[in-house]
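The letter at position 195 of the sequence shown is residue 206 when you use our numbering, and the numbering goes up by one with no holes.
Cβ coordinates follow ideal geometry from the N, Cα and C atoms, glycine included.
I have placed the structure first, in the form of structure tokens, so that the comments after it can refer back to it.
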Amino acid sequence: MIVEFLTEIPGISSLLVAGISIPIAGAILLMARTVFLSKELTVFKSWKLLLSGSIFLAAAVFLWYDSVTKVGASKEGLLAGPLETVVVLILAWFFLKEKLRKMQLLGVIIAISGFLATVLSSSLQLNLQLSTSLTIGDFEAISAIAFAAGVIFMTKLFERHSSSEASGASLLISGLILTAILILCPSSTLHPGVRDWIFLALFSLVPLAGALLYVVGLNRIGASLTSTIASSNILFTLFFQLLLRGIGIRTNIPENILLAVVGGALGVVGIYLIHVENDLLFRKI
């Protein structure tokens, strides 16, 4: 949601936010590992996996940020969250040869139901034709499933290197790719002032904290609970935006709030069911 407010500032575009904040977050994460933990960086030896995953992640981050500016943080999360999880599962089944179980298939059905409900929440009038319900921002949110492709490469990377090291390196490389695009396409954004640069630098702490908390969650409480807690933020974002609108602050939220909430709730349940099976198997082992 912070991205949505940042891009409301004249001179700051979604590409600028991504191109500045993401590489800073990655650099801080890697620096903390080498300087404070005195750990050697070996992740760059797997440069093919790192570069491939970072390209997909760079595309996903840009589409994610740009979608937020068009349809709002809440709807972007409601659309992308369940769909990303489903696509990761399908790609893992196809490329990594992971088995699909009945509980996961049920989760897929529920998650897709939530996605469809969110698409239809664009209007107070229920329109069952998806082609007329989808906007450019919706397509960008859906296209952000490029993140799912990046996850497949990152999964292989995590098998060879620590999660914090791989996360920091992927943030750094994907961020530098976006920075390069920003430099090559100067017309894509206006020139921000000193205050705006301070906002951008501070915002870099958000993806940094997100990556760290997710990694810690995976190690401490498992994939299902971590993913469920992480995915529930899409509902919290919607509720927080409703609260801000209630006190007079303009926010971009779906027209049909009830349908959006139903879609979000179905998405969270579907994500939980998709991940819980893997946790149960892991505990048995």
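Have a look at residue i and residue j and give me their C-alpha separation to the nearest angstrom.
| i | j | result |
| --- | --- | --- |
| I31 | E95 | 24 Å |
| I192 | L183 | 14 Å |
| G186 | L270 | 35 Å |
| K81 | S49 | 43 Å |
| V287 | F106 | 21 Å |
| Y283 | V46 | 37 Å |
| A160 | K108 | 15 Å |
| L211 | L27 | 9 Å |
Going by DSSP in three states, residue i sits in which element: helix, strand or coil?
| i | result |
| --- | --- |
| H172 | coil |
| S63 | helix |
| T96 | helix |
| S32 | helix |
| S142 | At S142, the pLDDT of 48 sits below 50, so the modelled position is not reliable; the number obtained from the coordinates is stated separately. The answer is helix: DSSP assigns S142 an H, G or I state. |
| S243 | coil |
| K56 | helix |
| I268 | helix |
Here's the rule I'm using: 16 or more other beta-carbon atoms within 10 Å means buried, otherwise exposed. How should residue i be labelled?
| i | result |
| --- | --- |
| G83 | buried |
| L189 | buried |
| K113 | exposed |
| A128 | buried |
| R261 | exposed |
| S142 | Residue confidence is low: S142 scores 48 on pLDDT, short of 50, so the model does not pin down where it sits. Its coordinate-derived value is still stated next. S142 comes out exposed. |
| R44 | buried |
| V217 | exposed |
| E170 | exposed |
| I33 | buried |
| M42 | exposed |
Using 8 Å for Cβ pairs, my map puts residue i next to residue j. What's the rounded Cβ distance?
| i | j | result |
| --- | --- | --- |
| L90 | D149 | 6 Å |
| P93 | A122 | 4 Å |
Please decide whether residue i counts as near chain D, where near means a Cβ-Cβ distance under 8 Å.
| i | result |
| --- | --- |
| I33 | Given the protein chain composition of this structure (a single chain), no chain D is represented. |
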